Amino acid sequence: MAFKIYTKTGDKGLTSLIGGTRLPKHHIRIEAYGTVDELNSHVGLLRDVIEDKETNELLVSVQDRLFTIGSHLAADPLKNKMVLPALFEEDILALEKAIDQIDELVPEMKSFVLPGGHIHVSYCHIARCVCRRAERAILRLAENEKVDDIHFKYLNRLSDYLFMLSRWLTHHYKAEEIPWKPKK
């Protein structure tokens, strides 16, 4: 028999974690891994529109790392018996290296910049905002449950990378980077 995508087990507002625990779909743990999943979709959109091979390879790696984070969040920390993939400090260093490379190519920032200028730049800013939301959700979860620090550290660095990627795309497309000048 073929695998069916619908199970009907969530029709009453509950979902299962890896390990069997059932939680309400509005639980902070579900919110956290759902937001990481949303972020992964936005990163996929970026990968679809960016033609630079090296950037695409990094974005594929980012998507893999987001699945890793999501799998840990989707697992009951006490009942899970599965061996889950790990996140490593090298994953964070890869983002930092990419940030540093972009920083050498783009003009120095002298103020905040308004998101936009080109649709691909805007995709980066949306992904960056979703990344920050995922980080906040995981930090809320960490207030009451054990969450590995490397997960929110990775998301923090990823949001920095997505911002720098937006700046690189602005430069690449010769789009206007509009500094924020608050009205007085």
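Numbering (the working numbering), first residue to last: 4 to 187.
Here a beta-carbon is modelled for each residue, glycine too, at the ideal position from N, C-alpha and C.
Computed from a prediction, not measured in an experiment: that's the story for all the values here.
Near L2, which residues of its chain fall below 8 Å by C-beta distance, leaving aside the five closest residues on each side in sequence?
The shown model of the chain, from 4 to 187, leaves out residue 2, and the question about it has no answer.
Where are the alpha helix (DSSP H) runs, 4 residues long or more, that stay fully inside the segment 39-102, in chain order?
56-76
For W171, is the classification buried or exposed, using 16 other Cβ atoms within 10 angstroms of its Cβ as the cut-off for buried?
buried
Output the boundary residues of the alpha helix (DSSP H) element that contains H175.
152-175
Am I right that S74 and W183 are in contact with their C-beta atoms under 8 Å? What's the rounded C-beta distance?
That belief does not hold up - the Cβ atoms of S74 and W183 are roughly 38 Å apart, past 8 Å.
So, do the segment 35-47 and the segment 72-92 have three or more beta carbon pairs nearer to each other than 8 Å?
yes
Would you call M85 buried or exposed, if buried means 16 or more other Cβ atoms sit within 10 Å of its Cβ?
exposed
Here's a check: name, in chain order, each residue in its chain whose Cβ is nearer than 8 Å to the Cβ of I102, leaving out the five neighbours to either side.
R160, D163, Y164, M167
Strictly by DSSP, which residues pair up with P182?
V116
Could you say which of D67, V52, P110, L62 lies nearest to H123 if we only look at CA atoms?
V52
If you reduce the DSSP assignment to three classes, tell me which class G16 lands in.
coil
Counting only the same chain and skipping the five closest in sequence on each side, list residues whose C-beta sits under 7 Å from that of A140.
I31, E34, A35, T38
Assigned secondary structure, D109 (DSSP; H/G/I helix, E/B strand, else coil):
It is Val, not Asp, that sits at residue 109 in the sequence shown. In the structure shown, V109 sits in coil (DSSP, three-state: anything other than H, G, I, E or B).
Does the beta-carbon distance from L61 to L108 come in below 9 Å?
no
Report all residues from its chain with a CB closer than 6 Å to the CB of I105; omit the five preceding and five following residues, and keep chain order.
M167, W171
Do L90 and D40 have their CB atoms nearer than 9 Å?
no
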